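Engineer: Supplied in structure tokens, the structure appears directly below.
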Amino acid sequence: MNEWCSGKGWRLGLLLICLLWSRLGWTAEPRMEPNEQELAQTLVLLHEPIVMLTAKYGNLDGAARVRLAHERVQRMEPSDLMTPVAVTKGSRHGQESREFLVNGKRILVLLEGDLDEFDELTLDQAAERVLHRLDGVRIKYLELHSTPYLLRAVGLAVVVSLIFFGLIWLLQRGHRRVRKWLANRLLLQKGLVPHSWRQVTGNVEVRLLGLITLLLIFMLTYGWLTYVLGLFPQTRAWSYQLGESLFALCGDMLEGMIAAMPGLVTVLLIVVITRFFIKMLAILFDRIERGQFRVQGLHAETIGATRRLLSVVIWLFALTVAYPYLPGADSDAFKGISVFFGLMVTLGSAGIMNHAMSGLVLIYSRALRPGDLVQIGEVEGMVSELNALSTKLVTRQDHEVTLPNAVVVGGKVVNLTRLAGEKGVALLTKVTIGYDTPWRQVHAMLELAARRCTRLNQDEAPLVRQLHLQDWYVEYELQVRMKASELPAVVKTELHGHIQDVFNEFGCRSCPPTSLPSRNRLCWWPGSSGIRRRPGRPIPPSPPPESDHKKQRPGSNAGPLVMKRS
């Protein structure tokens, strides 16, 4: 037994039946609860209200007229009830009236003053209703005292109940078979829903099948209950009320849908106009982003944020205009939802709005954009995402760092790629060389190392600067330009290797900033195969051509090298 047709489904079905059953009281009492005077003026026969007599008939008030009608009914013989109830027109005490007779015997008189002005019924229409109720009570009385009829009603109830439970059994069996068929198609990836949507929709076919099965069970149960209750006189009123309840519910739903149609058409028109404006803005922004159209103050970096911001503003304006036309907009439920959302926005907007406004500052100041190489505080990396609340960087360790926009705006942002253009990102590195090496020699060796690096833009000449003249050494800075597709850490690694190779080839000695140079000690370079030389050996003022250094033995001149990276 599956979950829909077993206990869970039956509980839901019984809940729906109870809800409709509770509606019976609403249909039986369309007005407010009657008071004692109204109850005394209402004629009730066999627990069924017939009519309320409110007008005076001679010296008799409504309550006295009701008591008189009861006495007349009690004096009737069973043979009188074999004749249908009849109604005749007349006039009593200056009022138009209708008299109700059973086998020629008067039961009651309905006066024009008895009509309820809120019902908007004529005297003939009200008399027709009373006639129908009186005749129903007459038939009910005959059936209550007819043993063959009661036996026939019991037999029909048993037969209908067997048919009902048989249909329920067939429905459950069919549900299991269809569910098994759907499961097999799902294994073969031939379901009604594409397989890629399953993570979102789940097994939607089985859920839809269960819902349809539950609806059919509810309809069968409702029809069976209405028919069985209508077989017995004691419960026939409930059967009528069940039917009237269902029709009233369907009528109310249909009436509500018809009443909501103008508002829904207006909302649909507002949505269509809003989508048209959004689409026109999208076309305009696309042309601005491609450079086909220029608008003062709009830049390619801010197009995406401007588009999203305007879309949100336009949709909020459209929602404000369409809200009064939504069905139930004036109900307490909508008001409660509005208060709830207002409370949520009030409680959560402090931090969110701070980050959102900071995100707008970053976007419209064009401080950075996706793809830029930036340094924010102690974090250096490539901007991978810039949204309304946070900025994401990818570092050289291939780590993703998420920074709240408020933190980014409150700190220092160094954009390494904004002014690079076609030249490439500027890359800096530093070395410290003693005064015994001519500065022109150091410039030439650093430029040679830069020319050997394949990851640099060779169209831009390297730039060497002398930053500091210390007591025992000079601090040099080499500035080069990377190619567009290269990463700074990879380029630095290759460049540093070439700098060490060039310094090894020419026997240039770098002075560590933390130690003093000694001209009497032997120095050698790591990787020089143990070949040594004395530091006092003269070094040429400029390096020989590159073809000449390739003829020298690698590592023939050695000396320690210490670099200070930027």
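Position 464 of the sequence shown, counted from 1, bears residue number 464 in full-length UniProt numbering, the numbering being contiguous throughout. Quick reminder that beta carbons are idealized off the backbone N, C-alpha and C, glycines included. The structure presented is a predicted model; accordingly, all values stated were derived computationally and were not measured.
Whole angstroms are fine: how far does the CA of residue 415 sit from the CA of residue 273?
Structural biologist: In the sequence shown, the residue the question calls residue 273 occupies position 273. In the sequence shown, the residue the question calls residue 415 occupies position 415. When rounded, the distance between both Cα atoms is 42 angstroms.
Engineer: Count Cβ pairs between the region 368 to 379 and the region 324 to 334 that sit closer than 8 angstroms; are there 3 or more?
Structural biologist: These segments do not touch.
Engineer: Give a yes or no on whether the C-beta atoms belonging to residue 430 and residue 377 are separated by under 9 angstroms.
Structural biologist: Sequence index remark: in the sequence shown, residue 430 carries index 430 (1-based). Sequence index remark: in the sequence shown, residue 377 carries index 377 (1-based). For residue 430 and residue 377, no; Cβs fall outside 9 angstroms.
Engineer: Does DSSP classify residue 435 as helix, strand or coil?
Structural biologist: Here the question's residue 435 lines up with position 435 in the sequence shown. Of the three classes helix, strand and coil, the one that applies to residue 435 here is coil, per DSSP.
Engineer: Assign residue 114 to one of two classes, buried (16 or more other C-beta atoms within 10 Å of its C-beta) or exposed (fewer than that).
Structural biologist: Reading the sequence shown from its first residue, position 114 is the one you call residue 114. Under this definition residue 114 is a buried residue.
Engineer: Relative to the C-alpha of residue 222, which residue among 234, 208 and 240 is closest?
Structural biologist: Counting from one through the sequence shown, the residue named residue 222 turns up at place 222. When only C-alpha atoms are compared, the closest one is 240.
Engineer: Count the CB pairs spanning the region 69 to 85 and the region 137 to 153 that are closer than 8 angstroms, and state whether there are at least three.
Structural biologist: They touch, by the three-pair rule.
Engineer: In angstroms, rounded to a whole number, what distance separates the CA positions of residue 507 and residue 398?
Structural biologist: Along the sequence shown, one-based indexing puts residue 507 at 507. Along the sequence shown, one-based indexing puts residue 398 at 398. Cα to Cα, the separation comes out at about 37 angstroms.
Engineer: Kindly indicate the opening and closing residues of the beta strand (DSSP E) around residue 468.
Structural biologist: Looking up residue 468 in the sequence shown gives position 468. Its beta strand (DSSP E) spans residues 463 to 469.
Engineer: In angstroms with no decimal places, state the Cα-to-Cα distance between residue 356 and residue 409.
Structural biologist: Counted from its first residue, the sequence shown places residue 356 at position 356. Counted from its first residue, the sequence shown places residue 409 at position 409. Looking at the two C-alpha atoms, the distance is approximately 11 angstroms.
Engineer: Only counting runs of 4 or more residues, tell me where the alpha helix (DSSP H) segments fall wholly within the region 99 to 183, in order along the chain.
Structural biologist: Fully enclosed alpha helix (DSSP H) runs of 4 or longer: 123 to 144.
Engineer: Per DSSP, residue 51 is paired with what?
Structural biologist: As a working mapping, residue 51 is identified with position 51 in the sequence shown. In DSSP, residue 51 forms a bridge with 43.
Engineer: What is the rounded straight-line gap between the Cα of residue 122 and the Cα of residue 54?
Structural biologist: Residue numbering aside, residue 122 sits at position 122 when the sequence shown is read from its first letter. Residue numbering aside, residue 54 sits at position 54 when the sequence shown is read from its first letter. Near 16 angstroms, if we compare the C-alpha coordinates of residue 54 and residue 122.
Engineer: With a cut-off of 8 angstroms on the beta carbons, I'd call residue 427 and residue 488 a contact; round off their distance for me.
Structural biologist: Looking up residue 427 in the sequence shown gives position 427. Looking up residue 488 in the sequence shown gives position 488. With a Cβ gap of about 6 angstroms, residue 427 and residue 488 count as contacting.
Engineer: Enumerate in chain order the residues of its own chain whose CB-to-CB distance from residue 457 is below 6 angstroms, with the five nearest sequence positions on each side excluded.
Structural biologist: As a position in the sequence shown, residue 457 is number 457, starting the count at 1. Excluding residues within five positions, the ones whose Cβ falls inside 6 angstroms are 424, 481 and 483.
Engineer: For the alpha helix (DSSP H) that contains residue 92, what are its first and last residues?
Structural biologist: As a first step, residue 92 is located in the sequence shown; it is residue number 92 there, counting from the start. That residue, residue 92, is in no alpha helix (DSSP H); its beta strand (DSSP E) goes 85 to 92.
Engineer: Looking at the secondary structure, which residues open and close the beta strand (DSSP E) in which residue 381 lies?
Structural biologist: Walking along the sequence shown from the start, residue 381 turns up at place 381. First-last of the beta strand (DSSP E) with residue 381: 379 to 386.
Engineer: Does the pairing of the region 145 to 156 with the region 241 to 256 give three or more beta-carbon distances under 8 angstroms?
Structural biologist: Counting Cβ pairs under 8 angstroms, fewer than three are found: no touch.
Engineer: Need the endpoints of the alpha helix (DSSP H) that residue 405 sits in, please.
Structural biologist: If you number the sequence shown from 1, residue 405 lands on position 405. Unbroken alpha helix (DSSP H) run through residue 405: 405 to 410.
Engineer: So, for residue 443: in the same chain, excluding its five sequence neighbours on each side, which residues have a beta-carbon less than 6 angstroms away from its beta-carbon?
Structural biologist: Within the sequence shown, numbered from 1, the residue matching residue 443 stands at position 443. Correct list, in chain order: 464.
Engineer: At which residues does the alpha helix (DSSP H) containing residue 492 begin and terminate?
Structural biologist: Within the sequence shown, residue 492 is the residue found at index 492, counting from 1. Start and end: 488 to 505.
Engineer: Find out if the Cβ-Cβ distance for the pair residue 130, residue 212 is shorter than 9 angstroms.
Structural biologist: On the sequence shown, position 130 is the one that residue 130 refers to. On the sequence shown, position 212 is the one that residue 212 refers to. Cβ distance not < 9 angstroms, so residue 130 and residue 212 don't count as in contact.
Engineer: Please name the residue, chosen from 460, 449 and 467, that lies closest to residue 432 on a Cα-to-Cα basis.
Structural biologist: If you number the sequence shown from 1, residue 432 lands on position 432. Residue 467 is the option with its Cα nearest to residue 432.
Engineer: Taking Cβ to Cβ, would you say residue 233 is nearer than 9 angstroms to residue 46?
Structural biologist: Counting from one through the sequence shown, the residue named residue 233 turns up at place 233. Counting from one through the sequence shown, the residue named residue 46 turns up at place 46. In this structure, residue 46 lies closer than 9 angstroms to residue 233 by Cβ.
Engineer: By how many angstroms is the C-alpha of residue 276 removed from the C-alpha of residue 226?
Structural biologist: Residue numbering aside, residue 226 sits at position 226 when the sequence shown is read from its first letter. Residue numbering aside, residue 276 sits at position 276 when the sequence shown is read from its first letter. Their backbone Cα atoms lie some 52 angstroms apart in a straight line.
Engineer: I'd like the span of the beta strand (DSSP E) that includes residue 393, first residue to last.
Structural biologist: As a working mapping, residue 393 is identified with position 393 in the sequence shown. Segment 390 to 394, the beta strand (DSSP E) holding residue 393.
Engineer: Rounded to whole angstroms, what is the Cα-Cα separation between residue 119 and residue 264?
Structural biologist: Against the sequence shown, residue 119 aligns to sequence position 119. Against the sequence shown, residue 264 aligns to sequence position 264. Approximately 32 angstroms between the Cα atoms of the pair.
Engineer: Would you decide whether residue 312 is buried or exposed? Buried here means 16 or more other CB atoms lie within 10 Å of its CB.
Structural biologist: Counted from its first residue, the sequence shown places residue 312 at position 312. Flag for residue 312 reads exposed.
Engineer: Taking three-plus beta-carbon pairs below 8 angstroms as touching, is the region 97 to 109 in contact with the region 162 to 180?
Structural biologist: Flag = no, the region 97 to 109 and the region 162 to 180 do not touch.
Engineer: In whole angstroms, give me the CA-to-CA distance for residue 572 and residue 103.
Structural biologist: Residue 572 cannot be examined here, being either before or after the span of the chain that is shown, 1 to 566.
Engineer: So, using beta-carbon positions, are residue 269 and residue 220 closer together than 9 angstroms?
Structural biologist: The residue you call residue 269 lines up with position 269 of the sequence shown. The residue you call residue 220 lines up with position 220 of the sequence shown. Not in contact: residue 269 and residue 220 (Cβ atoms no closer than 9 angstroms).
Engineer: Just how far apart, CA to CA, sit residue 158 and residue 48?
Structural biologist: To locate residue 158, count along the sequence shown from 1; it is residue 158. To locate residue 48, count along the sequence shown from 1; it is residue 48. Spanning the two alpha carbons is a distance of roughly 27 angstroms.
Engineer: Tell me where the alpha helix (DSSP H) around residue 275 begins and ends.
Structural biologist: Locating residue 275 in the sequence shown gives position 275, counting from the first residue. From DSSP, the alpha helix (DSSP H) with residue 275 extends over 236 to 289.
Engineer: Helix, strand or coil, according to DSSP, for residue 586 in the structure here?
Structural biologist: Nothing can be reported for residue 586, as the shown portion of the chain is limited to 1 through 566.
Engineer: Taking the C-alpha atoms as reference points, what is the distance between residue 453 and residue 445?
Structural biologist: Translated into the one-based positions of the sequence shown, residue 453 becomes position 453. Translated into the one-based positions of the sequence shown, residue 445 becomes position 445. Roughly 13 angstroms between the two C-alpha positions.
Engineer: When burial is assigned at 16 or more other CB atoms within 10 Å of the CB, is residue 292 buried or exposed?
Structural biologist: Within the sequence shown, the letter at position 292 stands for residue 292. Exposed, since its Cβ has fewer than 16 Cβ neighbours within 10 Å.
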